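As structure tokens, the structure follows; a few thoughts come after it.
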Amino acid sequence: GNHTYPFELDFPENMPSSFSEHNGMGHVIYHCHVEIGRRYAYSPDIAKTKWFDVHRPLSLKTIPDSLVPLDFRKECPARSCCCNKGSVEVHLKLTKSGFIPGERIAYDVRLKNNTSSVLKDMTITLRRVVAYTGHYKGFKRTLSESKVFTIAERVLRLGVNEEETYDGSSVGQVPALPPTGLPGCKIIDINYYVKVAIKFGLCGSVDVDECKVWIGTEE
1 GNHTYPFELD FPENMPSSFS EHNGMGHVIY HCHVEIGRRY AYSPDIAKTK
51 WFDVHRPLSL KTIPDSLVPL DFRKECPARS CCCNKGSVEV HLKLTKSGFI
101 PGERIAYDVR LKNNTSSVLK DMTITLRRVV AYTGHYKGFK RTLSESKVFT
151 IAERVLRLGV NEEETYDGSS VGQVPALPPT GLPGCKIIDI NYYVKVAIKF
201 GLCGSVDVDE CKVWIGTEE
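Counted the way full-length UniProt numbering counts, the sequence shown spans residues 1 to 219.
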């Protein structure tokens, strides 16, 4: 017949959220494993494993820096085929510095072209950097890997010595990303940055990759 054996398990409050990447160097995964032993040798034991996710809440209200607008300004050197081709003044503004999955990112970018070429394209991305820390025989080693999510792509056609402001919102929503820091896990640290990449000429580029933002689970 059918038999049911209910059970309950209280999870510790400091458990980290689930995190797993294809071909990643580390992960946080959870599963429940059940085995039923049978009395007779000719009846094999029954085993079942059920995988599940844990989502630890991280309110952006607990991170003061995430609540303030992002306002970043920098004159960036423009390089083309290993040569310096002037500079581009980049002024990036976001209405806030913290976001949650499912939200759109509104941006405002002002550019001034101090190069000798027309600026062709601009891509704004959200870059996730995951740092894995391991210990072996008293030695500590940290390795990092990154993944990029596109926020916006714009055609510029900004001429020499011209300046222009480009604003809008992300083409898609912030994906289901683990929270900044992965609280509760001491060997995996996650950080997020907004990157602005500008292309000009045949191989010219300007990159701004210093704008830290935060990802939480609730505002």
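We put the beta carbon where it would ideally sit given N, CA and C, even for glycine. Keep in mind that this is a model prediction, so the values were computed, not measured.
Three-state secondary structure assigned by DSSP to Ser66: Residue 66 sits at position 66 when you count from the first residue of the sequence shown. Ser66: helix per DSSP, three-state reduction.
Let me know the secondary structure DSSP gives Lys96 once reduced to three states. Start at 1 with the first residue of the sequence shown, and residue 96 comes out as number 96. Of the three classes helix, strand and coil, the one that applies to Lys96 here is coil, per DSSP.
For Lys61, the three-state DSSP class (helix, strand or coil): By one-based count along the sequence shown, residue 61 stands at place 61. Lys61: helix per DSSP, three-state reduction.
Leaving aside the five residues before and after Asn14 along the sequence, list all residues of the same chain whose C-beta is less than 7 Å from its C-beta, in chain order. By 1-based counting over the sequence shown, the position of residue 14 is 14. So the list reads Gly184, once near-sequence residues are dropped.
Is Val90 near Val208, with beta carbons less than 8 Å apart? On the sequence shown, residue 90 is found 90 positions in, with the first residue counted as 1. On the sequence shown, residue 208 is found 208 positions in, with the first residue counted as 1. In contact: Val90 and Val208 (Cβ atoms closer than 8 Å).
Could you give the distance in angstroms between the alpha-carbon of Phe149 and the alpha-carbon of Tyr192? Here residue 149 is taken as the residue at index 149 of the sequence shown, counted from 1. Here residue 192 is taken as the residue at index 192 of the sequence shown, counted from 1. Rounded to the nearest angstrom, the two C-alpha atoms are 11 Å apart.
Pro77 by DSSP, collapsed to three states: which one? Start at 1 with the first residue of the sequence shown, and residue 77 comes out as number 77. Reduced to three states, the DSSP call for Pro77 is strand.
Leu143 classed as buried or exposed, judged by whether at least 16 other C-beta atoms fall within 10 angstroms: Mapped onto the sequence shown, residue 143 falls at position 143. So Leu143 ends up on the exposed side.
I'd like to know whether the C-beta of Val88 is nearer than 8 Å to at least one C-beta of chain B. Reference to chain B is not applicable here, since this structure consists of a single protein chain.
For Arg73, collect the residues of the same chain with a Cβ closer than 8 Å to its Cβ; drop the 5 residues on either side in sequence, then sort them by chain order. Here residue 73 corresponds to residue number 73 of the sequence shown, with the count starting at 1. Taken in chain order, the residues that qualify are Glu89, Val90, His91 and Leu92.
Counting Cβ pairs closer than 8 Å, one from the stretch 163–178 and one from the stretch 40–53, do we hit at least three? no
In DSSP terms, what Thr150 is bridged to: The sequence position of residue 150 within the sequence shown is 150, counting from 1. In the DSSP output, where bridge partners are listed per residue, Thr150 has Thr125.
Does Asn161 pass the burial test, meaning 16 or more other C-beta atoms within 10 Å, or should it be called exposed? As a first step, residue 161 is located in the sequence shown; it is residue number 161 there, counting from the start. By the 10 Å Cβ count, Asn161 comes out exposed.
Which residues does DSSP list as the beta-bridge partners of Ile105? Sequence index remark: in the sequence shown, residue 105 carries index 105 (1-based). Answer is none; Ile105 lacks a bridge partner.
Leaving aside the five residues before and after Ala152 along the sequence, list all residues of the same chain whose C-beta is less than 7 Å from its C-beta, in chain order. Your numbering for residue 152 matches position 152 in the sequence shown. Closer than 7 Å at Cβ, skipping near neighbours: Tyr107, Ile124, Gly168, Ser170 and Val171.
DSSP state of Ile187, grouped into three classes? Here residue 187 corresponds to residue number 187 of the sequence shown, with the count starting at 1. Here Ile187 sits in coil by DSSP.
Taking all protein chains shown into account, do 16 or more other C-beta atoms lie within 10 angstroms of the C-beta of Arg128, making it buried, or fewer, making it exposed? Locating residue 128 in the sequence shown gives position 128, where the first residue counts as 1. Buried, because 16 or more other Cβ atoms sit within 10 Å of the Cβ of Arg128.
Judging by CA-CA distance, which residue of Leu58, Thr115 and Val130 is the nearest neighbour of Asp189? Here the question's residue 189 lines up with position 189 in the sequence shown. It is Val130 whose Cα lies nearest to the Cα of Asp189.
From Leu182, Gly201, Glu210 and Val194, pick the residue whose C-alpha is nearest to that of Ser59; which is it? The residue labelled residue 59 in the question sits at position 59 within the sequence shown. Looking at the Cα atoms, Leu182 is the closest of the given residues.
Report all residues from its chain with a CB closer than 7 Å to the CB of residue 223; omit the five preceding and five following residues, and keep chain order. Since the displayed the chain opens at 1 and closes at 219, residue 223 lies outside it and no answer follows.
The beta strand (DSSP E) with Lys137 in it runs from where to where? Position 137 of the sequence shown, counted from the first residue, corresponds to residue 137. It is not in any beta strand (DSSP E) - Lys137 carries neither H nor E in the DSSP assignment.
According to DSSP, is residue 223 part of a helix, a strand, or is it coil? Residue 223 falls outside the range modelled here, since the chain spans only 1 to 219, and no answer is possible.
Opposite Val54 in the DSSP bridges: which residues? Taking the first residue of the sequence shown as position 1, residue 54 is located at position 54. DSSP output for Val54 lists no bridge partner at all.
By how many angstroms is the C-alpha of Ser18 removed from the C-alpha of Pro12? The count along the sequence shown starts at 1 and reaches residue 12 at position 12. The count along the sequence shown starts at 1 and reaches residue 18 at position 18. Looking at the two C-alpha atoms, the distance is approximately 14 Å.
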